[in-house]
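Asker:
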Amino acid sequence: MKRLDRLYMGTNTKMYKTISDTTAFLSRLDQLTADIPADHLELFVIPSYTSLESASRTVAGGRIRVGAQNMGWEDEGQFTGEISPVMLQEIGVNLAMIGHSERRHVFGETDRQEEKKVAKAISSGFTALLCIGETAEDKAYGLSDETLRAQLKIGLHSITAEQAANLWIAYEPVWAIGVNGVPADEQYADERHRVIKETLSELFGPETGLDIPVLYGGSVNPENAPLLIQMPHIDGLFIGRSAWDADRFNAIIRTVLPLFGSRKNAASPQSGSCKSQKEEIR
Ligand code: PGA
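Here this note's numbering is used: the first residue of the sequence shown is 2, the next is one more, and so on.
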């Protein structure tokens with residue numbers, strides 16, 4: 002397995018936080034994390050559409066990257082309620098989350114729609130954060146890995162290996178997300194991450210495939226974050242509720258950052274354990 006240099010930590014604020022809540026949150030988070038070197042941490046926040054412009058201004062020149070919760074697959078057109086990549090670029094946003102569980106399961110988005118959105122995002126110069134995850138029913142039938150592989154193979158169908166440099170993946174089991182969610186235990190999550198990395202290697206070749214960050218999300222909290230981040234295939238955490246207070250989010254980041262560093266050192270790309278994991282993936 003190829004080790005990534007940086008820890009990825011992000012939050013999606015869903016349909017919470019007004020413009021003023023978002024800017025206050027971002028200012029505080031920026032202040033709290035300013036001393037962490039950019040090459041150790043990729044930190045991102047995905048607020049509501051109405052907050053995006055002021056959020057983008059608030060973080061300009063700082064260490065936090067701001068992204069959109071959804072994005073249409075055309076530059077313009079008869080798509081009421083959608084926001085296009087051109088509109089996002091106009092306000093300085095170049096990160097788009099695609100296919101969050103709530104988009105798929107509350108609003109009925111399909112893998113084929115996610116494919117169009119990922120293709121449009123990347124060809125427009127965005128980083129695309131594709132979210133995937135199995136339902137409780139998939140899991141009960143033993144189909145978790147099949148679901149993840151199908152979501153990746155369809156969602157990334159039009160992406161080339163070169164374009165995959167602008168791709169991040171979030172693994173978020175549907176049954177683990179939100180107030181009624183049960184967090185995945187770290188072994189279960191890591192095994193799914195291994196399957197995701199194996200599929201990305203199949204699609205883009207092992208070198209490129211293993212460079213794509215894969216983040217875990219779904220009821221991450223201060224207790225399970227340290228356990229999850231030490232697993233060999235987990236490159237970062239994508240957090241909802243536990244990250245919506247800047248001080249609490251900063252505390253999680255401070256706890257996991259040194260643990261991620263030790264994981265990285267434990268198996269550098271040259272080490273034996275890395276080689277054997279890479280061979281396992283092949
Ligand atoms: P949660 O949300 O951490 O509140 O479960 C995760 C997500 O939906 O990304």
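Note that the Cβ used here is the ideal one computed from N, Cα and C, for glycine as well.
How about HIS158: is its Cβ closer than 8 Å to a heavy atom in ligand 1?
Answerer: no
Asker: In whole angstroms, what is the alpha-carbon distance linking ALA61 and GLU199?
Answerer: 36 Å
Asker: Using 8 Å as the cut-off, classify the Cβ of HIS101 as near or not near the heavy atoms of ligand 1, replying yes or no.
Answerer: At least one heavy atom of ligand 1 is nearer than 8 Å to the Cβ of HIS101, so yes.
Asker: Which residues does DSSP pair with GLU83 in a beta bridge?
Answerer: None, per the DSSP bridge assignment.
Asker: In the DSSP assignment, find the unbroken alpha helix (DSSP H) run with GLU192 in it and report its ends.
Answerer: 187-205
Asker: Can you tell me which of the three DSSP states MET232 falls into?
Answerer: coil
Asker: Which of helix, strand or coil does DSSP assign to PHE26?
Answerer: Correct three-state label for PHE26: helix.
Asker: Where does TRP169 fall in DSSP's three states?
Answerer: strand
Asker: What do you reckon, are the CB atoms on ILE235 and ALA244 nearer than 9 Å?
Answerer: no
Asker: Nearest-angstrom Cα distance between MET16 and SER49?
Answerer: Whole-angstrom Cα-Cα distance: 6 Å.
Asker: To which residues does DSSP link GLY237 through a beta bridge?
Answerer: TYR9, LEU216
Asker: Within a Cβ cutoff of 6 Å, which residues of the same chain sit near THR148, ignoring the five residues on either side of it in sequence?
Answerer: The residues are GLU135, ASP139.
Asker: So the beta strand (DSSP E) ALA69 belongs to, where does it begin and stop?
Answerer: Segment: none, ALA69 is in no beta strand (DSSP E) and carries neither H nor E.
Asker: Going by the CB atoms, is the gap between SER57 and GLY100 shorter than 9 Å?
Answerer: no
Asker: Considering ALA97, what are the terminal residues of the beta strand (DSSP E) in which it resides?
Answerer: That run of the beta strand (DSSP E) goes 96-99.
Asker: Quick one: what does DSSP say ILE155 is sitting in, helix, strand or coil?
Answerer: helix
Asker: Could you check which residue in HIS158, LEU153, TRP176 has the C-alpha nearest to that of ALA141?
Answerer: TRP176
Asker: Given a threshold of 16 other Cβ atoms within 10 Å of its Cβ, counted over all protein chains shown, does PHE80 qualify as buried or as exposed?
Answerer: Flag for PHE80 reads exposed.
Asker: Does the beta-carbon distance from GLY126 to GLN90 come in below 9 Å?
Answerer: yes
Asker: Does the Cβ of GLU173 lie closer than 8 Å to at least one heavy atom of ligand 1?
Answerer: yes
Asker: According to DSSP, is LEU131 helix, strand or coil?
Answerer: strand
Asker: Suppose you measure from the CA of THR19 to the CA of ALA122; what does that come to, to the nearest Å?
Answerer: 26 Å
Asker: Using a Cβ-based criterion (distance less than 8 Å to any ligand heavy atom), does GLY218 qualify as near ligand 1?
Answerer: GLY218: yes, Cβ under 8 Å from ligand 1.
Asker: From ASN95 to TYR172, what does the alpha carbon distance come to, in whole angstroms?
Answerer: 21 Å
Asker: Looking only at C-alpha atoms, which of GLY206, VAL180, LEU168, GLU116 sits nearest to ALA151?
Answerer: Comparing Cα positions, the closest option is GLU116.
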